[in-house]
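Student: Mind having a look at this structure? Questions to follow.
Numbering (the working numbering), first residue to last: 585 to 792.
The structure is reproduced here in structure tokens:
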């Protein structure tokens, strides 16, 4: 089972803790100098800090915080089976709207360090495209513990405009549980492991 971060964090926050773990520990000690705080609470906070640093290091080594292209279908299987939260954009390099999704996911990958963001060229995914029933591009598939729990197809759920705000996509991903936002509730899954079918998700025509 993949290790999950104890809290959500941005890439910048993770890098700060990794680079300045000693400083962060000193700051925490200073904060906990208050005599009203029991010693067991101080020890628990320090242990939590060390645990977070270890988790951030592990995730950083696996490429979390970056938006990368997956080169092989086997790599898709490997990543989704080994990582808890995975967002994969199935794209075509010639599709304008796929490029728009790329721009937003790159930013979100740095903001949500607890999820693995990647993209896969459909021309290199001859087996996965029909297997995952991908008929419309761009197609964003959300995985939790190796299962597809949601998909965002085309731009209909994003306002059906090329100029949608990144927060619209972020909140939509949060509904899947692959990223965390405090004011967004995770939606339930169907008995097949997918979200309930949304209007337009079964279209066979490209968006671009």
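Ideal placement from N, C-alpha and C gives every residue a C-beta, glycine not left out.
What did DSSP end up calling residue 688 once you bin it into helix, strand or coil?
Tutor: As a working mapping, residue 688 is identified with position 104 in the chain shown. In the structure shown, residue 688 sits in a helix (DSSP, three-state: H, G or I).
Student: With a Cβ-Cβ cutoff of 8 angstroms, do residue 757 and residue 688 count as a contact?
Tutor: One-based indexing of the chain shown puts residue 757 at position 173. One-based indexing of the chain shown puts residue 688 at position 104. No, they are not a contact pair.
Student: What are the start and end residues of each continuous alpha helix (DSSP H) run of 4 or more residues lying completely inside the region 719-744, in chain order?
Tutor: Counting only runs of 4 or more, we get nothing.
Student: For a minimum of 3 consecutive residues, which ranges assigned as the beta strand (DSSP E) are wholly contained in the region 657-706?
Tutor: Correct list: 669-675 and 700-705.
Student: For residue 718, which residues in the same chain have their Cβ closer than 6 angstroms to its Cβ, ignoring the five residues on either side in sequence?
Tutor: Your numbering for residue 718 matches position 134 in the chain shown. Taken in chain order, the residues that qualify are 674.
Student: Shortest alpha-carbon distance to residue 681 belongs to which of 744, 770 and 760?
Tutor: Along the chain shown, one-based indexing puts residue 681 at 97. Cα-wise, what sits closest to residue 681 is 744.
Student: Please report how far the alpha carbon of residue 690 lies from the alpha carbon of residue 625, in whole angstroms.
Tutor: Numbered from its first residue, the chain shown carries residue 690 at position 106. Numbered from its first residue, the chain shown carries residue 625 at position 41. Roughly 38 angstroms between the two C-alpha positions.
Student: How should residue 702 be labelled, buried or exposed, when 16 other C-beta atoms within 10 angstroms of its C-beta is the threshold for buried?
Tutor: As a working note, residue 702 is residue 118 in the chain shown. So residue 702 counts as buried.
Student: Could you tell me the distance, in whole angstroms, from the CA atom of residue 572 to the CA atom of residue 768?
Tutor: For the chain, the structure presents residues 585 to 792; residue 572 sits outside this window and is missing.
Student: Residue 722: buried (16+ other C-beta within 10 angstroms of its C-beta) or exposed?
Tutor: Residue 722 sits at position 138 when you count from the first residue of the chain shown. Residue 722 is buried by the Cβ-count criterion.
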